[in-house]
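J.:
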DNA sequence: CTGTTAGCGCGTTCAG
DNA sequence: CTGAACGCGCTAACAG
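So, in structure tokens, the structure goes:
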């Protein structure tokens, strides 16, 4: 490994001068700078970030706390698209990303805050963590700059990126209502996700705007999983045969629901109309193609990275970003009289 | 930030003693150790990895050099599944992952080797990089331990994880041949990927085993992209109407090929049979469901992480891992007489 | 068993 | 414009 000391020796100057020359300080002779840069290049020097961050307290590194980066989370590649957006923007801004191995159930012996401190990340982006996570509160209220995706917590140094889930859900519901559906069920995600609450609100609001009373038992838990949603759909169909449509709070759950409908010998959308949420890739290729609410996943990650860096570099920006969603009409909804 | 110095002061011992106590050295009194650990806990101490790695030259960090972690790579979530596998295993082994923002075309001013040196990663996993990448050779022949996924290069400290692409392609072809197809085209990925070469070999081998001469013009370039494959299929169909089946070197390209067939007013598998490769999630949900060669993506990542850590920790293991593939029969192939 | 000393690679006063 | 000296947080000899 070649250090500035090596360069200093080779260029016949002091270590300090090398440091200043390489960091673009103005108070160094243009001649010496050129010589130093040349030597550095020749020797293939690259600065040691560990040493640098030891002093500067900055590492140009963003920590990532994600769930859904484990086995069986591939279909739901939302996390991946968001990650792509973060990766792109972070790269442009010259930051690297470190993925914390947020071990699932395994004894999480270390708090998120400790994780960040140890690694010396400048800030952290958090996504997919449940609201009841034991370490969430701690890091959010710490001094570490955080950007939360779909998690509504306040803190001294936090930013927030989300989608307009209420409106999105509402639009999806209005679409069903406009198509004549009056008995509409909902399969929601678990309650420890903020989006579940918002999407439920959209469901309720849309119903209200059509003067339809909200029937709590029409809403079942699908826990954001295909299997759980499938089961919920089975129960829903036998308990409430009057339902002609079901709004699912994720496409993965829509997939499960459709399987249940098929399992019952019925079909979508002939017997039951289904609307999903997220617009995952499978939704478009599925038969029937699933009508869903598109979420800008890549953009979410991109904005989150941007916002975090803004926070890090002390820019005074809006810390609350809400992205649009839009209805994507496809073939899983039919019009009834 | 609380350091060992703080602990030393609070516990009335020297800094060294704190260091030894916390790092589990045997030569420290059980009494003092307990006291120190207690103080450390109370103060919420966590070690500064930057400082530690400055001395130990180890950072418990694995670098990741991936392509396909940018916009428009979501359908092809192979990278994501592999990433999940790496993340899981790395987590279990107590390593963190850092994603290098391997800026796409943008002026890659920094070589991969420099990237690794600066960040002080212990080793690096490389995937999706083209064989003609300018910096690939450099890092592979450096002292930095590397694990290459689907890249066949030798180096002093490299491991290699791949799938049996020849066999996989061969199995796919034999399936077509067994179903009576005799005029079979191939849409291959770009030549700067090792898997393309292997899959082509499988194609040729299978043909040979049935005594069918290899016709070079039956193989077209789809560059691993949906759009390029679509175009290739159009050309293929008009130039060689005798083809009854096409083997695509990726599912994404199979998707493109199918679109072209549809665009021609024909259908799969009635007019043309298609077999893909990879077994991406969409393949199962697509109509017709795509017959393909399954690749163990998660396992690939898992094994790559394991292998790299083995290399890092000096274990003498097999550095060459080849994972099985298997044919997944679905609905995109028909039997002809 | 414990403390003292030195130094990892770098940036930053403060004198020249 | 340049250099000597110091210290970031930590580990590793080397004494005692």
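Protein chains in written order, with the UniProt record's numbering: chain A, 1 to 337; chain U, 1 to 337.
For glycine and all other residues, C-beta sits at the position ideal for the given N, C-alpha and C.
(1) By the criterion of Cβ-Cβ separation under 7 angstroms, what are the contact partners of residue 49 of chain A in chain U?
(2) So residue 58 of chain U and residue 122 of chain U are supposed to be a Cβ contact under 8 angstroms. How far apart are they, rounded?
(3) Cα separation between residue 206 of chain U and residue 247 of chain U?
(4) Along the segment 119-142 of chain U, where does the CB come closer than 9 angstroms to a CB of chain A? Name the residues.
(5) By the three-class DSSP mapping on this structure, what secondary structure does residue 271 of chain A have?
(6) Mapping the DSSP letters down to three states, classify residue 192 of chain A as helix, strand or coil.
(7) So what does DSSP say about residue 276 of chain A, is it helix, strand or coil?
(8) Within the 9 angstroms Cβ cut-off, does residue 166 of chain U reach chain A?
(9) Can you tell which of A:275, A:283, A:311 and A:271 has its C-alpha closest to the C-alpha of residue 336 of chain A?
(10) How is residue 126 of chain U classed by DSSP in three states: helix, strand or coil?
(11) Going straight from the alpha carbon of residue 77 of chain U to that of residue 26 of chain A, what length do you get?
(12) In the DSSP output, what is residue 245 of chain U paired with across the bridge?
(13) Can you tell me whether residue 226 of chain A is buried or exposed, with buried defined as 16 or more other CB within 10 angstroms of its CB?
(14) How is residue 66 of chain A classed by DSSP in three states: helix, strand or coil?
(15) The segment 89-101 of chain A: which residues have C-beta closer than 7 angstroms to a C-beta of chain U, in chain order?
(16) Between residue 263 of chain A and chain U, is any beta-carbon pair separated by less than 9 angstroms?
(17) Tell me the DSSP secondary structure of residue 163 of chain U in three-state form.
(18) Is there a Cβ from chain A that is less than 9 angstroms from the Cβ of residue 69 of chain U?
(19) Taking C-beta to C-beta, are residue 188 of chain U and residue 222 of chain U nearer than 9 angstroms?
(20) Sorted by chain position, which residues of the same chain lie with C-beta nearer than 7 angstroms to residue 258 of chain U's C-beta, five sequence neighbours on each side aside?
(21) For residue 208 of chain U, count neighbouring Cβ atoms within 10 angstroms of its own Cβ and tell me buried if that reaches 16, exposed if not.
(22) According to a CB-to-CB cut-off of less than 7 angstroms, which residues of the segment 246-280 of chain U neighbour chain A?
(23) Measuring alpha carbon to alpha carbon, tell me which of U:66, U:297, U:6 and U:298 ends up nearest residue 129 of chain U.
(24) What are the residues that DSSP puts in a beta bridge with residue 286 of chain A?
(25) Out of U:50, U:40 and U:169, which one is the CA nearest neighbour of residue 251 of chain U?
(26) Hey, quick one: how far does the alpha helix (DSSP H) through residue 39 of chain U stretch, first residue to last?
(27) Label residue 102 of chain A either buried or exposed according to how many other C-beta atoms from any shown protein chain fall within 10 Å of its C-beta, with 16 as the threshold for buried.
(28) At a cut of 8 angstroms, does the segment 303-312 of chain U reach the segment 150-164 of chain U through at least three beta carbon pairs?
(29) What residue range is occupied by the uninterrupted beta strand (DSSP E) comprising residue 261 of chain U?
(30) Let me check you understand the geometry: is the CB of residue 81 of chain U closer than 8 angstroms to at least one non-hydrogen atom of the ligand MN?
(31) Go ahead and label residue 302 of chain U buried or exposed: buried means 16 or more other beta carbons lie within 10 angstroms of its beta carbon, across all protein chains shown.
(32) Of all the residues that make up the segment 28-59 of chain U, which are near chain A by a beta-carbon distance shorter than 8 angstroms?
(33) Pull up the distance between the alpha-carbon of residue 32 of chain A and that of residue 47 of chain A, whole angstroms please.
(34) At the 9 angstroms Cβ level, is residue 80 of chain A part of the contact set with chain U, yes or no?
(35) Starting from residue 149 of chain U, trace the alpha helix (DSSP H) both ways and give me its first and last residue.
(36) Could you name the residues of the same chain whose beta carbon sits closer than 8 angstroms to that of residue 325 of chain A, not counting the 5 residues immediately before and after it, in chain order?
T.: Working from what's here:
(1) Neighbours of residue 49 of chain A on chain U, chain order: 118, 119 and 120.
(2) Contact flag correct, Cβ pair sits at about 6 angstroms.
(3) 12 angstroms
(4) 119 and 120
(5) coil
(6) coil
(7) Of the three classes helix, strand and coil, the one that applies to residue 276 of chain A here is coil, per DSSP.
(8) no
(9) A:271
(10) strand
(11) 47 angstroms
(12) U:184 and U:273
(13) buried
(14) strand
(15) 90, 91, 96, 97, 98, 99, 100 and 101
(16) no
(17) Correct three-state label for residue 163 of chain U: strand.
(18) yes
(19) yes
(20) 268 and 274
(21) exposed
(22) none
(23) U:66
(24) U:286
(25) U:169
(26) 30-43
(27) By the Cβ neighbour-count rule, residue 102 of chain A is buried, with 16 or more other Cβ atoms within 10 Å of its own.
(28) The segment 303-312 of chain U and the segment 150-164 of chain U touch, with no fewer than 3 CB-CB distances between them shorter than 8 angstroms.
(29) Not the beta strand (DSSP E): residue 261 of chain U falls in the alpha helix (DSSP H), residues 251-263.
(30) Summarising the ligand content, the structure contains no ligands, and the ligand MN is consequently not present.
(31) buried
(32) Correct list: 44, 46, 47, 48, 49, 50, 51, 53, 54 and 59.
(33) 19 angstroms
(34) Chain U places a beta carbon closer than 9 angstroms to that of residue 80 of chain A, counting this residue as a contact.
(35) Premise fails: residue 149 of chain U lies in the beta strand (DSSP E), 146-149, not in any alpha helix (DSSP H).
(36) 163, 164, 165, 167, 168, 171, 293, 294, 295 and 296
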